[in-house]
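A.B. asks:
2 protein chains.
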Amino acid sequence: MKTYEALESRFREINHLQHVQAMLFWDEATMMPSGGGPARAEAMAALAGVLHDKQTAPEIGDLLAEADVAGGSLDPWQQANLRQMRRAWRHATALPADLVKESQLAAMTCEQTWRGCRPKQDWATVEPLLERVVSLNLAVAERLAEIEGVTPYDALLDSYEEGLRTDLVETMFDDLRQFLPGFLEQVLERQARDPALPLRGPFPLDRQKRLGAAFIKTLGFDNEHGRVDVSHHPFCGGVPDDTRITTRYYEEDFLPALMASLHETGHALYQQGLPADWRDQPVGEALGMAVHESQSLLMEMQVCRSRPFLDFAAGVVREAFDGDSDDPAWSPDNLYKLYTRVERGLIRVDADEVTYPLHIILRFEIEKKLCTGEMSVGDIPEAWDQGMRELLSLSTADNLRDGCMQDVHWFAGLLGYFPSYTLGALTAAQLFAAARIQIAGLDEQIAAGDFGPLLGWLRANIHGQGRLKSAVQLMRDVTGAELSTEPFKAHLRARYLAD
Amino acid sequence: MKTYEALESRFREINHLQHVQAMLFWDEATMMPSGGGPARAEAMAALAGVLHDKQTAPEIGDLLAEADVAGGSLDPWQQANLRQMRRAWRHATALPADLVKESQLAAMTCEQTWRGCRPKQDWATVEPLLERVVSLNLAVAERLAEIEGVTPYDALLDSYEEGLRTDLVETMFDDLRQFLPGFLEQVLERQARDPALPLRGPFPLDRQKRLGAAFIKTLGFDNEHGRVDVSHHPFCGGVPDDTRITTRYYEEDFLPALMASLHETGHALYQQGLPADWRDQPVGEALGMAVHESQSLLMEMQVCRSRPFLDFAAGVVREAFDGDSDDPAWSPDNLYKLYTRVERGLIRVDADEVTYPLHIILRFEIEKKLCTGEMSVGDIPEAWDQGMRELLSLSTADNLRDGCMQDVHWFAGLLGYFPSYTLGALTAAQLFAAARIQIAGLDEQIAAGDFGPLLGWLRANIHGQGRLKSAVQLMRDVTGAELSTEPFKAHLRARYLAD
Numbered sequence: 000m001k002t003y004e005a006l007e008s009r010f011r012e013i014n015h016l017q018h019v020q021a022m023l024f025w026d027e028a029t030m031m032p033s034g035g036g037p038a039r040a041e042a043m044a045a046l047a048g049v050l051h052d053k054q055t056a057p058e059i060g061d062l063l064a065e066a067d068v069a070g071g072s073l074d075p076w077q078q079a080n081l082r083q084m085r086r087a088w089r090h091a092t093a094l095p096a097d098l099v100k101e102s103q104l105a106a107m108t109c110e111q112t113w114r115g116c117r118p119k120q121d122w123a124t125v126e127p128l129l130e131r132v133v134s135l136n137l138a139v140a141e142r143l144a145e146i147e148g149v150t151p152y153d154a155l156l157d158s159y160e161e162g163l164r165t166d167l168v169e170t171m172f173d174d175l176r177q178f179l180p181g182f183l184e185q186v187l188e189r190q191a192r193d194p195a196l197p198l199r200g201p202f203p204l205d206r207q208k209r210l211g212a213a214f215i216k217t218l219g220f221d222n223e224h225g226r227v228d229v230s231h232h233p234f235c236g237g238v239p240d241d242t243r244i245t246t247r248y249y250e251e252d253f254l255p256a257l258m259a260s261l262h263e264t265g266h267a268l269y270q271q272g273l274p275a276d277w278r279d280q281p282v283g284e285a286l287g288m289a290v291h292e293s294q295s296l297l298m299e300m301q302v303c304r305s306r307p308f309l310d311f312a313a314g315v316v317r318e319a320f321d322g323d324s325d326d327p328a329w330s331p332d333n334l335y336k337l338y339t340r341v342e343r344g345l346i347r348v349d350a351d352e353v354t355y356p357l358h359i360i361l362r363f364e365i366e367k368k369l370c371t372g373e374m375s376v377g378d379i380p381e382a383w384d385q386g387m388r389e390l391l392s393l394s395t396a397d398n399l400r401d402g403c404m405q406d407v408h409w410f411a412g413l414l415g416y417f418p419s420y421t422l423g424a425l426t427a428a429q430l431f432a433a434a435r436i437q438i439a440g441l442d443e444q445i446a447a448g449d450f451g452p453l454l455g456w457l458r459a460n461i462h463g464q465g466r467l468k469s470a471v472q473l474m475r476d477v478t479g480a481e482l483s484t485e486p487f488k489a490h491l492r493a494r495y496l497a498d
Numbered sequence: 000m001k002t003y004e005a006l007e008s009r010f011r012e013i014n015h016l017q018h019v020q021a022m023l024f025w026d027e028a029t030m031m032p033s034g035g036g037p038a039r040a041e042a043m044a045a046l047a048g049v050l051h052d053k054q055t056a057p058e059i060g061d062l063l064a065e066a067d068v069a070g071g072s073l074d075p076w077q078q079a080n081l082r083q084m085r086r087a088w089r090h091a092t093a094l095p096a097d098l099v100k101e102s103q104l105a106a107m108t109c110e111q112t113w114r115g116c117r118p119k120q121d122w123a124t125v126e127p128l129l130e131r132v133v134s135l136n137l138a139v140a141e142r143l144a145e146i147e148g149v150t151p152y153d154a155l156l157d158s159y160e161e162g163l164r165t166d167l168v169e170t171m172f173d174d175l176r177q178f179l180p181g182f183l184e185q186v187l188e189r190q191a192r193d194p195a196l197p198l199r200g201p202f203p204l205d206r207q208k209r210l211g212a213a214f215i216k217t218l219g220f221d222n223e224h225g226r227v228d229v230s231h232h233p234f235c236g237g238v239p240d241d242t243r244i245t246t247r248y249y250e251e252d253f254l255p256a257l258m259a260s261l262h263e264t265g266h267a268l269y270q271q272g273l274p275a276d277w278r279d280q281p282v283g284e285a286l287g288m289a290v291h292e293s294q295s296l297l298m299e300m301q302v303c304r305s306r307p308f309l310d311f312a313a314g315v316v317r318e319a320f321d322g323d324s325d326d327p328a329w330s331p332d333n334l335y336k337l338y339t340r341v342e343r344g345l346i347r348v349d350a351d352e353v354t355y356p357l358h359i360i361l362r363f364e365i366e367k368k369l370c371t372g373e374m375s376v377g378d379i380p381e382a383w384d385q386g387m388r389e390l391l392s393l394s395t396a397d398n399l400r401d402g403c404m405q406d407v408h409w410f411a412g413l414l415g416y417f418p419s420y421t422l423g424a425l426t427a428a429q430l431f432a433a434a435r436i437q438i439a440g441l442d443e444q445i446a447a448g449d450f451g452p453l454l455g456w457l458r459a460n461i462h463g464q465g466r467l468k469s470a471v472q473l474m475r476d477v478t479g480a481e482l483s484t485e486p487f488k489a490h491l492r493a494r495y496l497a498d
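Here the protein sequences line up with chains G and S, keeping their order. Take the first sequence: its position 420, counting from 1, is numbered 419 in numbering that gives the first Met the number 0, and each next residue is one higher. Take the second sequence: its position 10, counting from 1, is numbered 9 in numbering that gives the first Met the number 0, and each next residue is one higher.
This is how it looks when you write it as structure tokens:
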């Protein structure tokens with residue numbers, strides 16, 4: 000037991016330093032003036048180095064070796080914690096400190112450069128930096144791959160969602176690739192016959208802000224332990240006791256900011272609901288990025304774009320902008336049409352839930368090939384254009400800004416992250432289908448603006464579970480089945496093609 | 000030379016981690032939701048521990064010992080850098096890691112508690128926490144005192160301003176204590192005969208914000224490398240390449256926010272102007288808190304409350320609030336009267352430059368006695384009331400909120416800091432007197448809104464000097480004399496009693 004306690008104390012310190020790191024990432028994206036970038040990149044690299052030293056302290060290895068023997072007296076949470084400690088140790092010790100610091104510095108420098116290059120479509124300037132980031136990403140992947148006995152790309156997938164492998168992603172994505180194009184055609188045809196009435200702005204930013212704040216609170220976000228700000232790309236950061244979400248506002252349309260807020264609130268509820276007793280231990284963290292994304296998409300796509308939600312929300316939204324109650328454009332029916340509009344577009348973050356997986360499949364195919372060496376960074380613009388034409392019948396040949404330069408991920412050194420989004424969408428659909436079976440009167444509660452029972456169910460079944468079980472086990476326990484594309488497809492059919 | 004370079008590399012890493020620390024302090028004061036406090040305190044304590052480990056790495060000791068011999072080939076900046084490295088090493092190694100972490104944690108917890116207790120005047124709750132902070136502060140002071148061969152209170156003074164000792168503070172303060180009460184009576188009498196016309200609000204916050212931003216920029220603040228926010232107490236934080244200043248707004252009066260902004264801009268200009276070639280080395284840091292405060296007070300008191308400045312600023316201020324150009328209340332003369340109003344008050348941060356030193360003398364007397372054991376934390380409320388009655392003829396017996404609970408410093412573990420404010424005021428007066436001799440046409444430039452020559456002079460003589468020389472040497476070089484109360488008294492006489 001003493002050995003285990005000594006390990007907890009080590010990982011507590013690591014957790015505290017990760018808190019520091021999380022806050023500085025948030026600051027960099029929301030607050031930092033542009034001139035602060037180079038010094039910040041150095042500071043973050045130094046912090047990454049310190050963290051790595053702490054994570055690879057030989058004493059942790061000694062304690063873990065001792066704990067093997069002493070493990071018998073531990074309860075299930077402690078055992079799961081020990082498993083996560085071992086995993087963290089394996090991963091950290093697989094990487095030399097210099098590689099960690101170099102990766103951090105290269106990624107932050109590349110990301111900062113990308114921000115300036117994207118508006119100008121200046122691929123040439125950022126390309127060599129991206130090459131370096133990808134090659135460092137691969138150096139990390141190869142080392143992790145060796146330890147885990149998997150391919151480098153699997154090692155990257157695994158680093159974001161424990162146990163995730165390429166073949167599972169391919170199985171899911173192949174199925175979606177079969178299903179979506181035909182389905183999309185049907186939806187577009189149907190929606191063309193039944194257009195939504197447009198809502199005309201401007202929608203003053205302060206009112207958008209107040210409206211967003213009201214919904215965020217209604218869904219269950221704890222403002223005592225978090226805050227909402229503006230950033231270029233909406234995200235959820237910070238730590239469970241201080242959860243930071245962001246959105247961005249457009250005066251001509253209130254929907255993007257509102258939906259981004261509701262999406263990030265889903266992440267935030269997960270983060271704030273992680274097991275309080277395990278706050279500063281590995282087992283108290285989120286299960287993985289696919290599960291994290293499932294929580295944002297469950298809130299945004301399953302709940303907040305549903306017909307029952309709009310019965311509750313339409314009046315609130317209309318009043319926020321002094322809309323005329325006799326204007327049919329503000330009716331729940333019409334808002335539902337607006338909220339579920341499907342369209343082929345260039346931008347992933349603006350995509351609806353039908354086309355979104357196609358954006359992800361494109362990125363998955365490219366990053367997989369970057370990892371096997373079948374493709375190099377210089378090939379990305381052409382491969383992107385070709386993929387967009389195949390999957391979404393759109394070209395980005397002369398529009399790199401809205402093509403391969405649109406997403407921060409690769410520039411920030413996050414290869415292997417993209418599949419989480421679509422696995423999250425599948426997970427969300429499957430979890431919400433289970434919730435509708437298990438929570439009596441869920442649709443009526445949502446229509447009445449009562450999110451308490453749903454949040455209670457999420458807290459008990461997902462948020463409060465931390466990393467006690469694997470994602471696969473969690474899905475089995477909560478939904479009675481392995482992850483599949485069926486609930487997602489059923490959801491899309493019911494929402495977009497049912498009468 | 001290799002030894003020296005190895006030292007630079009060590010101190011570069013320490014500097015990067017101090018960057019991290021500075022940003023989290025800023026976040027805690029401006030952004031953090033209240034519920035994030037306990038986790039943040041733990042994270043900051045962990046970071047303080049890491050930093051302390053880095054600062055006390057035995058390798059630094061070995062390198063410093065070697066550098067003794069190799070020092071001959073270093074240029075003056077490198078020699079000064081080495082001196083500062085030695086000082087940092089002496090101070091860090093004097094303190095055990097546990098004491099550093101405990102102090103950090105106790106101070107942050109006490110400060111967070113104080114924020115809640117102050118509005119309720121709940122001294123009883125915060126008193127035991129303050130006792131702990133003071134006793135940890137003293138434990139630190141005693142260890143530093145032993146190393147430096149001084150008294151514990153001198154060790155605290157020295158930690159904020161190298162070389163500062165109680166006897167110098169006492170000499171200055173005794174003189175002010177002689178001078179100020181009589182002078183204050185004369186000023187009050189004179190101002191009573193010549194009242195200022197009041198300016199009536201409300202002054203909308205967005206206009207105050209725009210006005211402040213315009214002045215901050217005009218004075219020379221670099222927005223590419225900094226930002227302005229709101230906090231409970233105005234301060235300047237961050238790092239040279241990312242300088243964060245704060246202010247606070249009141250709708251009924253624009254003067255406090257504006258003056259706080261101009262004051263913090265003085266700090267910010269110093270920070271942004273530190274020698275760029277020495278960004279991440281000890282010699283590139285600010286000289287000390289008294290010199291830092293001299294830069295804010297030079298800007299606020301010497302420049303921005305002067306008659307020439309108001310010739311420039313009155314029109315800008317009037318237009319910002321759509322004031323009537325025929326209204327004599329908006330005239331430079333009347334604004335000057337408003338900007339130089341003197342009044343006995345309870346609150347240090349609201350005090351004018353005549354009464355301010357009396358607030359500091361009160362705190363100096365108390366904290367000195369806390370350090371010798373002549374007084375304990377429990378005695379503070381009564382001692383405060385007694386001191387206020389003696390120095391300012393005001394009682395705080397039933398008003399602890401505006402009495403001994405008004406300032407964050409002691410609760411945050413900053414014993415020994417207060418004298419910096421008044422030494423800064425003396426330094427500012429002496430420096431500005433020198434600037435007026437050395438910069439031809441300074442008053443006319445200020446009246447024309449041209450702050451370039453003054454900023455250039457400050458950059459060359461103070462900001463860009465970093466820690467190359469001692470504060471004493473700097474004053475000699477720039478003003479031709481040691482620090483004295485004379486220029487400050489001359490300034491007060493000229494501003495408040497001249498015809």
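Beta carbons: idealized from backbone N, C-alpha and C, even for Gly.
1. Taking only beta-carbon atoms, is Glu12 (chain G) less than 8 angstroms away from chain S?
2. What three-state label does DSSP hand Cys235 (chain G) in the structure shown?
3. Starting from Arg117 (chain G), trace the beta strand (DSSP E) in both directions and tell me its first and last residue.
4. Name the chain S residues whose beta carbon is nearer than 9 angstroms to that of Asn222 (chain G)?
5. Classify Glu184 (chain S) as buried or exposed, calling it buried when 16 or more other Cβ atoms lie within 10 Å of its own Cβ.
6. At a Cβ threshold of 8 angstroms, is Arg226 (chain G) touching chain S?
7. Roughly how many whole angstroms lie between the Cα atoms of Val238 (chain G) and Gly448 (chain G)?
8. Just checking, does the segment 403-410 of chain S make contact with the segment 270-285 of chain S on the three C-beta pairs under 8 angstroms criterion?
9. Taking the runs of the alpha helix (DSSP H) that are 4 residues or longer, which of them lie wholly in the segment 232-301 of chain G?
10. Assess, as a yes-or-no matter, whether the segment 39-55 of chain G is touched by the segment 242-253 of chain S under the definition of 3 or more beta carbon pairs within less than 8 angstroms.
11. Which residue from S:Ala47, S:Gly225, S:Gln120 and S:Val132 puts its Cα closest to that of Pro32 (chain G)?
12. At a CB-CB cut-off below 9 angstroms, which residues of chain G make contact with Met171 (chain S)?
13. Just list the residues that DSSP pairs Gly225 (chain G) with in beta bridges.
14. Suppose only complete runs of 4+ residues qualify. What are the alpha helix (DSSP H) ranges in the segment 414-440 of chain G, listed by chain order?
15. Looking at C-beta atoms only, is the number of pairs between the segment 385-405 of chain S and the segment 357-374 of chain S that lie closer than 8 angstroms three or more?
16. Counting C-beta neighbours from all protein chains within 10 Å, is the total for Glu381 (chain G) 16 or more, i.e. buried, or is it exposed?
17. Using a cut-off of 7 angstroms between C-beta atoms, extract the partners of Val19 (chain S) located in chain G.
18. Where does Glu160 (chain S) fall in DSSP's three states?
19. Which residues in the same chain as Leu357 (chain S) place their Cβ atom closer than 7 angstroms to its Cβ, once the five residues preceding and following it in sequence are excluded?
20. Do Leu268 (chain G) and Leu218 (chain G) have their C-beta atoms within less than 8 angstroms of each other?
21. Phe320 (chain S): which of S:Asp205, S:Gly479 and S:Phe10 sits nearest, CA to CA?
22. Just to confirm, is the Cβ distance from Glu147 (chain G) to Ser469 (chain G) under 8 angstroms?
23. Run through chain S and tell me which residues come within less than 7 angstroms of Ala275 (chain G), C-beta to C-beta.
24. Going straight from the alpha carbon of Met474 (chain S) to that of Pro37 (chain S), what length do you get?
25. By DSSP, does Val471 (chain S) sit in helix, in strand, or in coil?
26. How would you list, in chain order, the residues of chain S whose beta-carbon sits under 8 angstroms from the beta-carbon of Asp241 (chain G)?
27. Could you work out which residue in G:His51, G:Ala154, G:Leu128 and G:Phe182 is closest to Val341 (chain G) when comparing CA atoms only?
28. Could you tell me the alpha carbon to alpha carbon distance between Pro57 (chain G) and Leu143 (chain G), rounded to whole angstroms?
29. Taking one C-beta from the segment 282-301 of chain G and one from the segment 411-426 of chain G each time, how about it: are there three or more such pairs within less than 8 angstroms?
30. Report back the beta-carbon spacing between Ala484 (chain S) and Asp166 (chain S) to the nearest angstrom; my notes put them in contact at under 8 angstroms.
C.D. replies: Taking the coordinates as given:
1. yes
2. strand
3. Not the beta strand (DSSP E): Arg117 (chain G) falls in the alpha helix (DSSP H), residues Ala96 to Lys119.
4. Pro32 and Gly34
5. exposed
6. yes
7. 27 angstroms
8. no
9. 254-271 and 288-296
10. no
11. S:Gly225
12. Within 9 angstroms Cβ-Cβ: nothing; Met171 (chain S) doesn't reach chain G, min ~37 angstroms.
13. G:Thr242
14. 418-437
15. yes
16. exposed
17. Val19, Leu23, Ala42 and Leu46
18. strand
19. Leu179, Leu390 and Leu391
20. yes
21. S:Asp205
22. no
23. None at all; the shortest Cβ gap to chain S is about 11 angstroms.
24. 43 angstroms
25. helix
26. Met31, Pro32, Gly34, Gly35, Ala38 and Arg39
27. G:Phe182
28. 19 angstroms
29. yes
30. Per the sequence shown, residue 484 (chain S) should be read as Thr rather than Ala. Their Cβ separation, rounded to whole angstroms, is 15 angstroms, which puts Thr484 (chain S) and Asp166 (chain S) out of contact at 8 angstroms.
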